[in-house]
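S.K.: Residue numbers for the sequence shown follow the working numbering, so the first one is 2 and each next one is one higher. We put the CB at the ideal spot given by N, CA and C, even for glycine. Model, not experiment: these values are computed from the prediction.
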Amino acid sequence: MDEARLTSALDTHTGAALKPVRRVELLSGMAGRRRVWTLEQKLALVAEMERCDNIAAFAREHDISTALLYTWRRELRYAIEASKIPPRHEPMFVPVVGEAPSPVSHDGIVEVEIGGAVVRIGQAARVDLAVAVIQALQSPTIHGDR
């Protein structure tokens, strides 16, 4: 493909002129490598990074990504803040918020206790049903009084 066709294929017609790339930095030593850092190494690098003016240059010098340095610094700040919180030795309870049951109105309710059984008869109860329940509770066969 000739240069004219390549330029027109890549041109997005924004009016911006195509500029040659001035500097290319290849970090081939870092690709595909995973290192294990001790806590002491992390703390030393973060402390040294805090005294540094150019963190990107510092990261290149130590062959480490800047994002990892910033992550370690953030984790250190979190650990310091967590150590300032006093430990709680007593159990902590979380309040449970639920839907409150509708209040029961005691207006027009008759409470009858017979032989340890309690019956509440509401105002809307049928009279014949209330009488039948009371008679059933008074019956000697229910209490075993034969």
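Excluding five sequence neighbours on each side, which residues of the same chain lie with their C-beta closer than 8 Å to the C-beta of Val47?
M.R.: Hits under 8 Å: Leu70, Trp73, Arg74, Leu77.
S.K.: How is His144 classed by DSSP in three states: helix, strand or coil?
M.R.: With a pLDDT of only 49 at His144, under the threshold of 50, the placement of this residue in the model should not be trusted; the figure read from the coordinates follows. His144: helix per DSSP, three-state reduction.
S.K.: Verify whether the separation of the beta carbon atoms of Val113 and Ile135 is less than 8 Å.
M.R.: Yes, Cβ-Cβ distance for Val113 and Ile135 is below 8 Å.
S.K.: Assuming Ile115 is part of the alpha helix (DSSP H), what are its boundary residues?
M.R.: Taken as a continuous stretch (DSSP letters only), Ile115 belongs to no alpha helix (DSSP H), being part of the beta strand (DSSP E) at 111-115.
S.K.: Reducing DSSP to helix, strand and coil, say where Ile196 ends up.
M.R.: The question about residue 196 has no answer here: the residues shown for the chain are numbered 2 through 147.
S.K.: What's the call for Ala60, buried or exposed, on a 16-neighbour Cβ count within 10 Å?
M.R.: So Ala60 counts as buried.
S.K.: Going by beta carbon distance, what residues of the same chain come within less than 8 Å of Ala57, once the five residues before and after it are set aside?
M.R.: Correct list, in chain order: Thr67.
S.K.: The alpha helix (DSSP H) with Val128 in it runs from where to where?
M.R.: Looking at the DSSP string, the run of the alpha helix (DSSP H) that includes Val128 is 128-139.
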